[in-house]
Amino acid sequence: MTSLIRKATTFTTLAASNFIVASAAAFGGGVPGALPGSPDLRSTITNILNQVLNFLALIAAVVIVIAGIRLIISQGDETQKETAKKTITYAIIGLLIILFAKAIVLFVTTLA
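The numbers in the sequence shown follow this note's numbering, run straight up by one, and end at 118.
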């Protein structure tokens, strides 16, 4: 019974959202996504690449912090200490790769 209710709710929500989009276009709202002066494909791809690289840099920074905490709480255990040091090293290498990737994206976008 709950499956039927869930399906009915999903269908109703999707149907209502289609009417909202259609009424916006009918009353002069235009087609969603077709904005005047919208960026071209190159700038869209550049923005997406920059956002992905920023997200990856954030993940690398979080990994460095977590590995630093693991290094602190290793309490003299050499295997945990070495694992944390390797993790920090790999995360820093990852950050350098991300930095070079951002430089390449910037270089390519300024050429065109």
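Note that the Cβ used here is the ideal one computed from N, Cα and C, for glycine as well.
Rounded to whole angstroms, the gap between the alpha carbons of Val69 and Thr50 is 29 Å.
Take the alpha-carbon of Ile78 and the one of Ile65: they are about 20 Å apart. For the 8 Å CB-CB criterion, Val114 and Asn56 do not form a contact.
For Ala109, the number of other beta carbons within 10 angstroms of its own is below 16, and it is reported as exposed.
DSSP, reduced to helix, strand and coil, places Gln86 within a helical segment of the structure shown.
Annotation for Ser80: no alpha helix (DSSP H) segment contains it, and DSSP assigns it neither H nor E. Per the C-alpha coordinates, the member of Ile54, Leu47 and Ala63 positioned closest to Tyr96 is Ala63. Contact annotation: Ile98 and Leu59 have beta-carbon atoms that are not nearer than 8 Å. Sorting Asn53, Gly74, Phe106 and Asp83 by C-alpha distance to the C-alpha of Ile94 places Gly74 at the top.
Apart from the 5 residues on each side of it in sequence, Ala107 sits with its Cβ closer than 7 Å to the Cβ of Leu59 in its chain, given in chain order. Using a Cβ distance threshold of 8 Å, Arg76 and Ala90 count as a contacting pair.
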